[in-house]
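*Asks:* Counted from 1, the sequence shown has number 70 at position 44 by this note's numbering; the numbering is strictly sequential. Would you mind keeping the following structure in view while I ask a few things?
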Amino acid sequence: MKEIRSRQKKRRINFREERKLILLGVEGKNRSEFLYFKNFNSLQNRYRIKKVFGNNTHLQGIMNEMKTYIKNNGLSDGDLLYCLFDMDFDKNKMKNIQKIIKENKLPIRFLPSNPCFEVFLLFHFMFTTKQFENFGQLERELKKHLPNYRKGENYFELLEPLADVCIKNCDKVLLHHNACEHDFCDMNPSTNAHELVKILKNIK
Numbered sequence: 027m028k029e030i031r032s033r034q035k036k037r038r039i040n041f042r043e044e045r046k047l048i049l050l051g052v053e054g055k056n057r058s059e060f061l062y063f064k065n066f067n068s069l070q071n072r073y074r075i076k077k078v079f080g081n082n083t084h085l086q087g088i089m090n091e092m093k094t095y096i097k098n099n100g101l102s103d104g105d106l107l108y109c110l111f112d113m114d115f116d117k118n119k120m121k122n123i124q125k126i127i128k129e130n131k132l133p134i135r136f137l138p139s140n141p142c143f144e145v146f147l148l149f150h151f152m153f154t155t156k157q158f159e160n161f162g163q164l165e166r167e168l169k170k171h172l173p174n175y176r177k178g179e180n181y182f183e184l185l186e187p188l189a190d191v192c193i194k195n196c197d198k199v200l201l202h203h204n205a206c207e208h209d210f211c212d213m214n215p216s217t218n219a220h221e222l223v224k225i226l227k228n229i230k
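Here's what the structure looks like:
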């Protein structure tokens, strides 16, 4: 019996080691983005999701943290790098983000939310192309579906069953902006966060 348990334990360890890494860069400490995506660690077997260490609120700072992680730990074939960040109703920030992305040399997949990550949460419940002028306006819309919503709380159990709805709405709104030939800065509301959900749910 001890021998069987030992073999089972060894298999579990090897199984964890075989999972590829998704290194996730987000703005600030304990942000909603990581609270949402870390739940996939227990729901799928292909990737382990790890937040890059740090507390940066600027995209360049997040990327520098990623560079430090890679320098110290390296990457394996199949590991993925993602940066999730908000536009925050700030045209200057948006233009700076465009410049940073253009000059980036790392294999990072950038997942902006315009104006912020709450748009991604909202798309679990509804589709809209209505532009949000401030956070309060967006929060009021979200609270129609999540009445007790507060930043920094984990709502994954409520949202995960609606993931397929969210993916369809996110894709649909991006098609809308592309059809309207909207500039990167003018794609409000929109988010690319669903692209990571597709990877984790193995959706082509």
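The beta carbon of each residue, even a glycine, is placed where N, CA and C say it ideally should be.
(1) How big is the Cα-Cα spacing for M92 and C109?
(2) Classify N214 as buried or exposed, calling it buried when 16 or more other Cβ atoms lie within 10 Å of its own Cβ.
(3) Run through DSSP, which three-state label would A219 get?
(4) I want to know whether the stretch 98-112 touches the stretch 131-146 - three or more CB-CB distances under 8 Å.
(5) Can you tell me which of the three DSSP states C109 falls into?
(6) Using the rule of at least 16 other Cβ atoms within 10 Å of the residue's Cβ for burial, across every protein chain shown, is N57 buried or exposed?
(7) Write down the C-beta distance between F60 and K77 rounded to the nearest angstrom, noting that I regard them as a contact closer than 8 Å.
(8) Rounded to whole angstroms, how far is the Cβ of G198 from the Cβ of F143, which I believe are closer than 8 Å?
(9) Are the CB atoms of I96 and I75 within a distance shorter than 8 Å?
(10) For N71, name the three-state secondary structure that DSSP assigns.
(11) The alpha helix (DSSP H) spanning I134 covers which residue range?
(12) Check for me: the alpha helix (DSSP H) holding L148 runs from which residue to which?
(13) DSSP three-state call for G51: helix, strand or coil?
(14) I think T94 touches E53, with their Cβ atoms under 8 Å apart; what is that distance to the nearest whole Å?
(15) Thinking C-beta only, is F149 closer than 8 Å to N195?
(16) Hey, would you say S216 sits closer than 8 Å to L200, going by beta carbons?
(17) Buried or exposed for C206, please, with buried defined as at least 16 other CB atoms from any protein chain shown within 10 angstroms of its CB.
(18) Applying the criterion that 16 or more other CB atoms from any shown protein chain within 10 Å of the CB defines a buried residue, is F79 buried or exposed?
(19) Going by the beta-carbon positions, is the gap between F63 and L222 smaller than 8 Å?
(20) Along the alpha helix (DSSP H) that carries E186, what are the first and last residues, could you check?
*Replies:* In short:
(1) 9 Å
(2) buried
(3) coil
(4) yes
(5) strand
(6) At residue 57 the sequence reads Arg, which differs from the Asn that was named. Buried, since its Cβ has 16 or more Cβ neighbours within 10 Å.
(7) 5 Å
(8) It is worth fixing the name first, because residue 198 is Lys in this sequence and not Gly. Rounded, the Cβ-Cβ distance is 18 Å, inconsistent with contact.
(9) no
(10) coil
(11) Run containing I134: none in the alpha helix (DSSP H); it sits in the beta strand (DSSP E), 134-140.
(12) 144-148
(13) strand
(14) Not quite, the Cβ-Cβ distance comes to about 17 Å (not below 8 Å), so this is no contact.
(15) yes
(16) yes
(17) exposed
(18) exposed
(19) yes
(20) Taken as a continuous stretch (DSSP letters only), E186 belongs to no alpha helix (DSSP H), as it is neither H nor E.
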